[in-house]
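Chains L and U, in that order, are what the protein sequence lines are. First residue of the first sequence? That's 95 in my numbering, and the numbers climb one at a time after it. First residue of the second sequence? That's 2 in my numbering, and the numbers climb one at a time after it. These notes concern the structure reproduced below.
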Amino acid sequence: MTFSFIATAVLLFFLVVALITRNEFRAVSVFISAFSIAGIYFVWHAEALNKISQFVGIGRGADLLLYMWVLSTMGVILVLFLKLRLLNENLTKLARHIALQEVQKS
Amino acid sequence: MTQQHHISSPYFEDVWVIVPAYNEGSKITEVLECILECFKNVVVVNDGSTDDTQAVLSQHGGIAVVSHPINLGQGAALQTGISYALRQRAKWIVTMDADGQHDPYDALAMLNRASHTNLDICFGSRFLGTTIGMPFSRKILLRAALVFQTLTTGVKMTDVHNGLRVISNEAASKIRIRQNRMAHASEFVSLCKSLNLRFDEFPVTIRYSDYSRAKGQSSFGALTIIADLFIAKLRK
Chain L
95 MTFSFIATAV
105 LLFFLVVALI
115 TRNEFRAVSV
125 FISAFSIAGI
135 YFVWHAEALN
145 KISQFVGIGR
155 GADLLLYMWV
165 LSTMGVILVL
175 FLKLRLLNEN
185 LTKLARHIAL
195 QEVQKS
Chain U
2 MTQQHHISSP
12 YFEDVWVIVP
22 AYNEGSKITE
32 VLECILECFK
42 NVVVVNDGST
52 DDTQAVLSQH
62 GGIAVVSHPI
72 NLGQGAALQT
82 GISYALRQRA
92 KWIVTMDADG
102 QHDPYDALAM
112 LNRASHTNLD
122 ICFGSRFLGT
132 TIGMPFSRKI
142 LLRAALVFQT
152 LTTGVKMTDV
162 HNGLRVISNE
172 AASKIRIRQN
182 RMAHASEFVS
192 LCKSLNLRFD
202 EFPVTIRYSD
212 YSRAKGQSSF
222 GALTIIADLF
232 IAKLRK
């Protein structure tokens with residue numbers, strides 16, 4: 095029971111942070127919000143997770159949770175990586191613009 | 002149909018040479034002296050060097066210097082140089098490395114070839130020409146890169162990662178290099194195909210010195226190039 099309260103508090107914190115930052119990092123915010131809400135529900139209704147896991151062919155609810163976490167995290171990492179590449183492109187354009195404004199001729 | 006441009010004077014008023022440079026303070030003067038024997042218009046793109054490259058360039062007469070505020074990579078430096086050369090109304094653009102591997106007289110021959118055969122891009126090829134002092138490991142690495150290039154683009158070439166190129170202004174206007182680092186060489190070839198540019202290779206001589214060998218691509222760098230190209234395809 096104590097862990098359920100602790101887990102709920104932590105997940106609520108994640109949910110609040112995700113909602114606050116939803117305009118900056120939409121994909122990550124959606125992922126964290128969904129995971130937090132689902133996590134809070136399954137913390138208090140663990141049997142529901144077990145039933146879902148058996149329905150999809152995975153033995154335990156905890157295993158289902160772990161697999162979903164891994165897959166979702168990999169997806170988020172990919173999205174963030176692609177955003178980083180875009181950021182790098184914009185940085186390059188900015189640096190090029192500055193460089194071309196300050197050409198030295200001798 | 003690409004409009005044919007002929008070199009209009011012995012000093013090539015309409016030709017700009019782009020030399021991307023990163024930490025080449027000890028070599029750049031010697032390289033520029035060789036280039037200026039053959040060409041009048043030279044722009045060095047200082048790619049955020051942390052040595053005395055900028056100081057050396059500031060004291061060197063007869064060139065333009067464009068300096069990136071941070072290190073971005075050779076691909077980014079080339080695109081910056083191309084952007085500058087187009088602003089100077091260059092009809093032909095030559096790209097050369099700053100480590101002294103390339104012979105400016107090869108670039109002259111490539112210019113003649115490109116202008117008289119109506120090419121958009123002429124790529125230098127060490128494997129059609131001559132290599133002096135090339136490490137065996139480098140040869141293997143370059144051959145592996147060729148295989149990857151052929152598989153991913155369907156374009157067959159003998160030397161993709163050669164920095165000596167001649168580009169017409171029409172082709173340069175269409176090209177946008179997005180790969181900042183060494184994968185830009187493969188991107189160049191991909192762009193030739195996607196933009197339907199007329200291109201060919203020309204035999205050139207590449208001289209490896211202890212200096213240029215130390216500055217060349219590592220085997221790990223080849224893996225980075227492959228990763229860069231894969232990610233670029235994901236974003237299309």
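Where a beta carbon is used, it is the ideal one built from N, C-alpha and C, also for glycine. Predicted, not measured: the structure shown is a model, and the values here were computed from it.
query	result
Do the CB positions of residue 125/U and residue 98/U come within less than 8 Å of each other?	no
Spatial neighbours of residue 105/U within its chain, please: C-beta separation below 6 Å, excluding the five flanking residues on both sides.	35, 36, 39
Looking only at DSSP bridge pairs, what is residue 199/L linked to?	65/U
Taking only the alpha-carbon atoms, compute the straight-line gap between residue 144/U and residue 175/U and give it to the nearest angstrom.	28 Å
List the residues of chain L whose Cβ lies closer than 9 Å to the Cβ of residue 85/U, in chain order.	193, 194, 197
Count the other C-beta atoms from every protein chain shown that fall within 10 angstroms of the C-beta of residue 155/U, then say buried if there are 16 or more, exposed otherwise.	exposed
Flag residue 183/L as yes if its beta-carbon sits less than 8 Å from any beta-carbon of chain U, otherwise no.	yes
Quick check on this structure: which residue in 204/U, 53/U, 25/U has the alpha carbon closest to the alpha carbon of residue 167/U?	204/U
Tell me the rounded alpha-carbon separation between residue 86/U and residue 108/L.	51 Å
Determine, for residue 189/L, whether the minimum Cβ-Cβ distance to residues of chain U falls below 8 Å.	yes
Would residue 24/U pass as an interface residue toward chain L - the criterion being a Cβ-Cβ separation below 8 Å?	no
Does residue 71/U get closer than 8 Å to chain L when you measure Cβ to Cβ?	yes
Please tell me whether residue 81/U has its Cβ less than 8 Å away from any Cβ of chain L.	yes
Could you name the residues of chain L that residue 179/U contacts, counting a contact when the two beta carbons are closer than 8 Å?	183
Can you look up residue 139/U in the DSSP assignment and give me helix, strand or coil?	helix
Would you tell me roughly how many angstroms separate the C-alpha atoms of residue 118/L and residue 161/L, rounded to the nearest one?	27 Å
Which complete alpha helix (DSSP H) runs does the segment 96 to 150 of chain U hold, if anything under 4 residues is left out?	105 to 117
Are the C-beta of residue 115/U and some C-beta of chain L separated by less than 8 Å?	no
Nearest to residue 209/U by CA position, among 55/U, 103/U, 94/U, is which residue?	103/U
Taking Cβ positions, are residue 132/U and residue 207/U nearer each other than 8 Å?	yes
Among all the DSSP beta bridges, which residues are the ones paired with residue 47/U?	22/U, 68/U
Look at the Cβ atom of residue 182/U, then the Cβ atom of residue 74/U, and state whether they are nearer than 8 Å.	yes
Does the structure place the segment 37 to 56 of chain U close enough to the segment 171 to 188 of chain L that three or more beta carbon pairs sit under 8 Å?	no
Can you list the residues of chain L that residue 77/U reaches, using a CB-CB cut of under 9 Å?	186, 189, 190
Let's test the definition: count the other Cβ atoms within 10 Å of the Cβ of residue 189/L and tell me whether it reaches 16, buried, or not, exposed.	buried
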